[in-house]
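Taking the UniProt record's numbering, the leading residue of the sequence shown gets 1, the next gets one more, and so forth. What follows is one structure encoded as structure tokens, with my remarks underneath.
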Amino acid sequence: MAKSESRFSSFFTVRLFQLVCFVTFSLVSVLISYFFNYTQPNPFIDELFHIPQAAKFCKGNFFEWDQKITTLPGLYLFSIGIFKPIGLLLKYDICTVNILRSTNLICAIFNFYLIYEILKVKNISKEGIDQKSLFKILLSALNISTFPVLYFFSFLYYTDVLSTSMILLMYALHLQSKHQLSAAMGFFSVVVRQTNIIWVFYIGAELVLTDLEVFFEKISKKSSIHKGSYLKVSQAMFKQLISRGTHKKVLGFAVVLFLFVLFVMLNQGIVVGDRSSHTPVLNVPQMFYFATFCLFFSLPYALRSLQQFGKLVFSIDRAFIVFLWLVSFYYVVQQNTLVHQYTLADNRHYAFYIWKRLYENIPYFRYFMVPVYVFAFFHIMKNCTFKFFLLYLICVVLCLVPQKLLEFRYFILPYILYRLHFNVNSLRWWELALEFVINSLVNIATIYIFFTKKFYWEDSADIQRIMW
């Protein structure tokens, strides 16, 4: 009787804490959204294109398109799908700036729930999940949900938050083995943002690799299949995939990939508009900037990585590997550092100030950063399993390296998927608490700067602000 009461008490405590976190997150987000709309009531930067385009869709004009918009119309269709029936019922214009922005506010709250559910599935063991793990999962979900770059855009009408929701939903359905529904969410994610096709590929590839992993575990225990006979191994591998129904699992993802290739051929490119400013390039240092970005936002977990990295550097047999990394990274920085015209011209973004004040103004700063890049990569590797890291690295390269523009929004999904793969049970309470403090301080600082730092351009009467 005492045990059952104790279990009920623990369950009630966890549920109460879940409710408190969720309600607090929602109320704080709604309050911040109110102040965003009060401070910046008019469309800002990319909203100048997105909000008028959404207004055209609201009026049923689906064939007039602003050529400055690079993404497909998923964001506008989603907003109309949610708010149009309410607008018709209440006889109210739903295409106002405030209401359209609330699309992402709703998605931000939904993301909290999705992240929590994903972490629960990923960290469950055969014995289930104990109360301590549930608290860590909840705090991890709160930390990821308040990840500053994503959280900031929860209050503006950009594609990033809805795009993240679609990918998280696709991933959650994949973990529940609802593969065709997962693929359908993958399709919708691409309609919101074309580069999400990379994460659709990631899920499909992970399904295949998981089944192949089972196959290779089996043949390592069998002598009947000679490891040197590639034909026999290939035949056995093919039979294994068929027997496990892998082809059925990945069918939906393959269809989405096929449709995307067809779209690219018909569209003669990935972006819909503003093609001259979004030409694919080879920009390898994007990986270095992203790794440093990951290091900063996962800084509380870097101490263990730093200790292991120190052992690696001072190891006689492995120090040479670190030296090769340093030399190769230095060479890439020297030969392949690119800068987009938007980075240099638009002083409304933090990337402008980072580049101007550090990379341009401080001689050799880009070379001083090479050891940081190397450690940042090491830190990412130490927090990932080999299978995840290999596939993840391929996808992040495809996502970032073709981009010339240094844009922190491009780092949102790669970072969140990386952070979701942390083993929650290995995280210390002080690390989780410090991560929350860092996120909160960065959020407070960036929102405060956006609200208070105002300036004007010579050729415009509009107020300009600084944002991610």
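In this text, a Cβ means the ideal position worked out from N, Cα and C, and glycines have one as well.
Coil, strand or helix - residue i by DSSP
i    : result
F63  : coil
Q464 : strand
S298 : coil
T164 : helix
L44  : Contrary to the premise, residue 44 reads as Phe rather than Leu in this sequence. Of the three classes helix, strand and coil, the one that applies to F44 here is coil, per DSSP.
S440 : helix
H340 : coil
M1   : Unreliable positioning characterises M1 in this predicted model, as indicated by a pLDDT of 48, which lies under 50. A coordinate reading is not provided.
F35  : helix
F375 : helix
F455 : strand
S305 : helix
T13  : helix
S125 : strand
H349 : strand
Q194 : helix
S177 : coil
H278 : coil
K56  : helix
P148 : helix
M185 : helix
M381 : helix
C95  : coil
Given residue i as reference, the closest of the options once Cα atoms are compared
i    : options                : result
D66  : V271, V396, Q18        : V271
I32  : L303, I447, R357, N425 : I447
T164 : L212, Y113, S276, K356 : Y113
C58  : Q40, P41, F78          : F78
V437 : A291, P300, Q18        : P300
I380 : V192, V284, F309, T39  : F309
N383 : S189, Y418, Q307, I449 : Y418
Q286 : S29, Y373, Y171        : Y373
L303 : R428, F365, F323       : R428
A345 : C399, V332, S277, F388 : S277
Y116 : I45, I86, F17          : F17
S426 : F153, I137, L295, Y157 : I137
L282 : V332, L326, F153, Q268 : V332
R348 : V322, F238, Y456       : Y456
L326 : A376, Y359, T385       : A376
E206 : S460, F388, I449       : F388
K249 : Y34, L306, F147, H179  : H179
T96  : Y76, N111, M237, F110  : Y76
A54  : L27, L90, T103, F314   : T103
F258 : L295, L306, F187, C294 : F187
A291 : G269, I86, Y364, F378  : F378
Pair within 8 Å by beta-carbon distance, residue i and residue j
i    : j    : result
V256 : L134 : no
F83  : I99  : yes
Y350 : W430 : no
L175 : V121 : yes
I51  : P43  : yes
F297 : Y151 : no
K453 : I444 : no
L142 : V30  : no
Y171 : I144 : no
V393 : L119 : For clarity, residue 393 is Leu in the given sequence; the question names Val instead. Cβ distance not < 8 Å, so L393 and L119 don't count as in contact.
L398 : Y410 : no
V370 : F329 : yes
F365 : Y359 : yes
Chain-order list of residues whose beta-carbon lies under 6 Å from that of residue i (same chain, five-residue window excluded)
i           : result
M1          : With a pLDDT of only 48 at M1, under the threshold of 50, the placement of this residue in the model should not be trusted; the figure read from the coordinates follows. If we look at M1 and ignore the five residues flanking it on each side, it has no Cβ neighbours.
A183        : G252, F253, V256
L199        : Checking the sequence shown, residue 199 turns out to be Trp, not Leu. Same-chain partners within the cutoff: I167.
T71         : T159, R193
residue 502 : Given that the chain is displayed from residue 1 to residue 468, the structure contains no residue 502 and the question cannot be resolved.
Residues of its chain near residue i, where Cβ-Cβ distance is below 8 Å and the 5 sequence neighbours each way are ignored
i    : result
L241 : V208, D211, L212, F215, H247
V20  : none
F25  : I109, F112, L142, S145, T146
7 Å Cβ shell around residue i - same chain, five flanking residues per side excluded
i    : result
T343 : A351, F352, W355, L405, L406
F260 : V190, I197
T39  : F451
C294 : A376, I380, Y415, Y418
T195 : C399
Expected contact under 8 Å - CB spacing of residue i and residue j to nearest Å
i    : j    : result
V192 : F408 : Not really, about 19 Å apart at Cβ, beyond 8 Å.
F36  : F155 : 4 Å
L169 : M185 : 5 Å
D274 : Y158 : Not confirmed; about 15 Å, so no contact.
S140 : L432 : 7 Å
L312 : V322 : 6 Å
Near the ligand ADP: residue i beta-carbon under 7 Å from a heavy atom
i    : result
C399 : Absent from the structure shown: the ligand ADP. Ligands present: none.
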